[in-house]
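These notes concern the structure reproduced below.
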DNA sequence: TAGATATTTAGAAAATTGTCTAAATATCTA
DNA sequence: TAGATATTTAGACAATTTTCTAAATATCTA
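Protein chains in written order, with UniProt numbering: chain R, 1 to 95; chain X, 1 to 95.
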């Protein structure tokens, strides 16, 4: 649960997530949306990947990035626990 | 939305939130749960407060901290948008 | 195979963050 | 009012993060 929270702390990375919500994109297409070098975007993508928030797949010269919704589900569960929407949803404490 | 995400990026602060989920606590009580000085905990509390995730109220010598669920609700909405659990929860565009 | 395109890796500099000690502020009580 | 307790503020320092440029890797195509 630590890596996803760290990954979401950066506004650039949250914007990347919003872009990927619409459709899968190549690293280059993602970079076009930012005023930042491609290596920097590549680094952000790497952090999102380590956190398992996105996954990548090479197709020829391009690498396509896409959202990985499972970890987002886990994060939602974490928040539900906080506001006590839980107690029955699952059964896991702490974490 | 930036301050809450930043605030949640630190494990100490997430643990504080988990403690406050159970009941309101004084700064000193919170500090007892950590292997860290009181000024450090005070600093973490300040960041949580700036993000509006917690609120504080002085009662005599003590300052009690408590969870502020509204921002957590907003965060949950943000996550719902990501996994498309939305479309009707807020604005119902086409579809 | 050479050159073009897409992307990542490496390494460094600057900015931000987390933690500490020392000192300040606020409140209570004798 | 003086001393004790609870907490924060200030300032410094180390660790982490963000960003850059330069170079490396991977793939395609002529």
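Just so it is clear, CB atoms sit at the ideal spot from N, CA and C, and this is done for glycine as well.
Whole-number beta carbon distance between residue j and residue i, since they are thought to touch under 8 Å
i, j, result
"residue 5 of chain X", "residue 8 of chain R", "5 Å"
"residue 76 of chain X", "residue 72 of chain R", "Actually they are not in contact, since the Cβ atoms of residue 76 of chain X and residue 72 of chain R sit about 11 Å apart, beyond 8 Å."
"residue 16 of chain R", "residue 44 of chain R", "6 Å"
"residue 10 of chain R", "residue 66 of chain R", "Rounded, the Cβ-Cβ distance is 19 Å, inconsistent with contact."
CB contact check: residue i to chain X, cutoff 8 Å
i, result
"residue 5 of chain R", "yes"
"residue 31 of chain R", "no"
"residue 61 of chain R", "no"
"residue 26 of chain R", "no"
"residue 19 of chain R", "no"
"residue 73 of chain R", "yes"
"residue 8 of chain R", "yes"
"residue 16 of chain R", "no"
"residue 47 of chain R", "no"
"residue 56 of chain R", "no"
Where residue i sits in the DSSP three-state scheme
i, result
"residue 26 of chain X", "strand"
"residue 62 of chain X", "strand"
"residue 53 of chain R", "coil"
Neighbourhood of residue i by C-beta distance below 6 Å, restricted to the same chain and skipping five residues each side
i, result
"residue 57 of chain X", "64"
"residue 12 of chain R", "44"
"residue 48 of chain R", "7, 13 and 54"
"residue 62 of chain X", "26"
"residue 92 of chain R", "Residue placement at residue 92 of chain R is flagged as unreliable, the pLDDT there being 44, under the threshold of 50; the coordinate-derived value follows with that caveat. Cβ neighbours of residue 92 of chain R beyond the five flanking positions: none."
Host alpha helix (DSSP H) of residue i (start-end)
i, result
"residue 47 of chain X", "38 to 50"
"residue 7 of chain X", "2 to 8"
"residue 83 of chain R", "First-last for residue 83 of chain R: undefined, no H or E at that position."
7 Å CB neighbourhood of residue i in its chain, flanking five on each side removed
i, result
"residue 106 of chain R", "There is simply no residue 106 of chain R to check, as chain R begins at 1 and stops at 95 in what is shown."
"residue 21 of chain X", "67"
"residue 3 of chain X", "50 and 51"
C-beta neighbour in chain R for residue i, strict 8 Å
i, result
"residue 2 of chain X", "yes"
"residue 12 of chain X", "no"
"residue 34 of chain X", "no"
"residue 76 of chain X", "yes"
"residue 83 of chain X", "yes"
"residue 69 of chain X", "yes"
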